[in-house]
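One structure is given below, encoded as structure tokens.
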Amino acid sequence: MTTYSKIVGTGSYLPPKRVSNQDLTAQLAAKGIETSDEWIFSRSGIAARHFAEPDVQSSDLAVEAAKQALEMAGIAANDIDLVIVATSTPDHFGGFPSTACVVQQKLGIITGGAAFDVQAVCSGFVYAVSIADSFIKSGAHKNVLVIGTEVFSRILNFEDRTTCVLFGDGAGAVVMSASETPGILATKLHADGRHKDLLCVPGKVNSGIVEGSAFLYMDGQAVFKLAVSVLEKVANEALEMAGMKASEIDWLIPHQANIRIMQSTARKLGLEPDRMVVTVDQHGNTSAASIPLALDKAVRDGRVKPGQNIMMEGVGGGFTWGAILARM
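Just so we're aligned, residue 1 is where the sequence shown starts under the UniProt record's numbering, counting upward by one.
See below:
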């Protein structure tokens with residue numbers, strides 16, 4: 001009997017502190033930096049984002065999202081035999097112990113199942129789902145908790161209006177389980193290190209001293225052009241692998257980075273705008289958390305229904321990109 005992997009539960013969490021464009025504009029104005037709600041919204045589609053408090057870590061957001069996903073799936077935490085966390089803002093400097101191990105501990109999982117982090121920036125959740133799919137299909141694991149979680153506000157330069165207005169904090173999670181019926185229909189991942197400098201945190205640590213900037217840097221125009229180019233291609237690759245057409249996609253759930261990139265992808269795939277899930281307006285770009293946040297919202301408000309086909313795709317620093325075609 002063939003074993004498939006299927007998404008059986010979703011969850012999400014946003015820090016309580018909501019920062020509107022007007023709020024952020026006022027904060028920046030106090031530093032002598034000029035911007036406006038119209039400038040931000042017209043270029044990105046973002047109206048607000050959420051920021052975590054200083055004592056809140058990525059694992060804290062992840063745990064709240066995970067609890068929701070576990071509850072929906074009807075699975076106890078100790079039935080999870082693998083935890084994968086996609087994040088670019090891990091709890092610990094240097095990245096270890098992994099945020100996945102911290103989440104495992106905070107959820108009270110004591111079965112000794114594996115736990116590790118995935119670093120593919122905004123493509124991280126897509127990468128993590130693809131890895132979980134492979135593990136489940138191989139028979140190595142039965143119930144996998146996949147989480148995208150970020151506190152990007154920690155790596156933003158609030159004197160650079162071109163980047164600090166775009167990102168937010170949050171977490172999204174899914175529970176994936178072994179199934180007799182198809183769930184994940186196709187996955188396709190890519191990377192091209194030649195573009196590593198387009199979106200990065202360029203600082204390096206030498207003898208405990210940060211050399212270069214510890215803040216996010218982005219070549220906005222170059223990232224925009226590359227994202228528009230690769231997202232349509234990788235979506236079509238996943239469709240071809242599954243033997244399906246774009247017209248069979250019920251919902252497009254892209255990485256929530258920029259509304260113009262998202263709309264361009266939908267248009268190139270021949271999908272009507274109302275078949276795309278959009279949360280970027282209220283969440284901003286939450287990197288690895290953006291796709292599962294959007295998925296959970298659409299599941300809980302009834303748009304995404306069992307049996308429907310969803311296309312999830314992302315693009316991020318590295319440069320990385322990928323797509324997941326799934327049947328809910």
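Glycine included, every Cβ here is placed at the ideal spot set by N, Cα and C.
Just so we're clear, the structure is a prediction, and the values are computed from it rather than from any experiment.
Here residue 132 is not near residue 65, since their CB atoms are 8 Å or more apart. With a cutoff of 8 Å on beta-carbon distance, residue 178 and residue 142 are scored as near each other. The count of Cβ pairs closer than 8 Å, one atom from the stretch 65-76 and one from the stretch 34-45, stays below three, leaving the stretches out of contact.
Residue pairing by DSSP leaves residue 54 without any beta bridge partner.
Of 301, 93, 48 and 7, the smallest CA-CA separation from residue 210 is found for 93. Cβ contact annotation for residue 8 (same chain, cutoff 6 Å, sequence separation greater than five): 73, 175 and 177, in chain order. Taking residue 200 as the centre and dropping the five residues before and after it, the same chain places the C-beta of 217 and 317 closer than 7 Å to its C-beta, in chain order.
Just measuring C-alpha positions, the residue of 154, 257 and 62 sitting nearest residue 44 is 257. Going by DSSP, residue 254 is part of the beta strand (DSSP E) stretching over 251-254. Of the other Cβ atoms in all chains shown, 16 or more fall within 10 Å of the Cβ of residue 149; this residue is therefore buried. Burial state of residue 254 is buried, judged by a 10 Å Cβ sphere holding 16 or more other Cβ atoms.
The closest CA to that of residue 147, considering only 99, 2, 226 and 259, is found on 99.
Residue pairing of residue 211 in beta bridges, as defined by DSSP: 204.
The continuous stretches of beta strand (DSSP E) do not include residue 248, and DSSP gives it neither H nor E. In the three-state DSSP reduction, residue 220 falls in the helix class (H, G or I).
Below 8 Å, enough C-beta pairs join the stretch 18-32 and the stretch 156-169 to call them touching: three or more. Within the model, the alpha-carbon separation for residue 112 versus residue 252 is close to 36 Å. Within the DSSP secondary-structure output, residue 149 pairs in a beta bridge with 171. Comparing alpha carbon positions, the residue from 271, 274, 34 and 153 closest to residue 214 is 153. Residue 14 carries a coil assignment under DSSP once its states are collapsed to helix, strand and coil. Distances from the alpha-carbon of residue 222 to those of 239, 245, 195 and 233 put 195 closest.
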